[in-house]
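Here's the structure we're looking at; comments come further down.
Numbering (the numbering used here), first residue to last: 1 to 101.
And the structure:
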């Protein structure tokens, strides 16, 4: 969530240990944990009340639909097939011309 690596976590814990002290560190850690839990709950409530999740899902669905439509409308695949067919016809015609000579 916060993109904190192991080294940063150790540094934060050492600084907290020095500032708060070993006696009050568990109390502070619990308070921070409760605060983070409360923030997550508030964020979830906000998303639920505003319909943010539904809007995000609708945008993702629209994006997938648009990608599928663009992929279906792309003429390159059909052009490759036509090119392969044309090359086959040309090769067959060349073989016939060589066999006639």
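Backbone N, C-alpha and C define an ideal beta-carbon position, used for all residues, glycine too.
Terminal residues of the alpha helix (DSSP H) in which residue i lies
i: residue 90; result: 76–100
i: residue 23; result: That residue, residue 23, is in no alpha helix (DSSP H); it is neither H nor E in DSSP.
i: residue 57; result: 52–73
Expected contact under 8 Å - CB spacing of residue i and residue j to nearest Å
i: residue 20; j: residue 28; result: 5 Å
i: residue 17; j: residue 25; result: 6 Å
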